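Throughout the sequence shown, residue numbering follows our numbering, covering 1 to 215 in sequence.
Even for Gly, the Cβ is constructed at its ideal location relative to N, Cα and C.
Note that the structure is a prediction, hence the values are computed from the model and not measured.
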Amino acid sequence: MSNHSLLRFFVPLDRKFFPLFAHTADAIFDAVVKFQELILVTKKEERDQLATAIFELEKNAAGLKQDILDELGGSFITPFDREDVYDLIQQLFEIVRHLHSAVDRIRLYNLPELPVEFTAIVDCLQSSCKEIKEVLHQVHTVRDFRNFEQSCIIINDNEREADDIYQEYLSFLFDNETNAIELIKRRDILMALEKSINASDKVGKIFSSLMIKMN
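Dropping the structure here:
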């Protein structure tokens, strides 16, 4: 057994990471809930207020991401492989980063109403982020990830459902929207939402990978 393995056996794992992951998941979930509200309102003032709230939550998530990276750089002992810690925080932040992009486009394009397909995709995203939040609040050691196989299935199912909606609506746009500018506006928002839910699915895949590694 290597010296590093001996240290892992005798020295308690650094517990700072798990609370930071949980707080990050909280900020992301709250941002998605605010986004659900934003896509249902039409008044500029209401959209601006909700956008500000989402950007503040993104800022909070960015600060937590940096805290985790600082811990990663300064800790000899980590709760699981450094690469997995890094990938997890990166993909968590990608969820809210792409959500920010969608908000920017909604405000820039000033669409009077957003299609129901956007709401359906964001509902899938909210469901996935709820599962992510629950997982990261309940894991205290890497072995705890083994208890959340069902959450990974739900996250993957949500991504598949959202992808079907994405493909169908994109096809509808190209078949029916005769105004090229309007098509581009809706496509841009749609793509940002797709990237956000793809990031949530990558988080679920990281959870699954950690489960396999613990078997």
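{"Query": "Straight-line Cα distance separating A62 from F35", "Result": "18 Å"}
{"Query": "Selected residue, minimal CA-CA separation from E194, among E159, K44, E134 and L111", "Result": "E159"}
{"Query": "8 Å contact criterion, which E177 and L183 should meet: CB distance rounded", "Result": "4 Å"}
{"Query": "Range covered by the alpha helix (DSSP H) that runs through P19", "Result": "F17 to L38"}
{"Query": "Cβ-Cβ distance between P112 and T52 below 8 Å", "Result": "no"}
{"Query": "C-beta atoms of T24 and I89 nearer than 8 Å", "Result": "yes"}
{"Query": "Distance CB(V32)-CB(V122) smaller than 8 Å", "Result": "yes"}
{"Query": "Anticipated Cβ contact below 8 Å, S151 with V139, distance rounded", "Result": "That pair is no contact at about 11 Å."}
{"Query": "Nearest-angstrom Cβ-Cβ length linking L72 and T78, presumed shorter than 8 Å", "Result": "7 Å"}
{"Query": "Member of C129, E117 and E37 whose CA lies at the smallest distance from the CA of Q91", "Result": "C129"}
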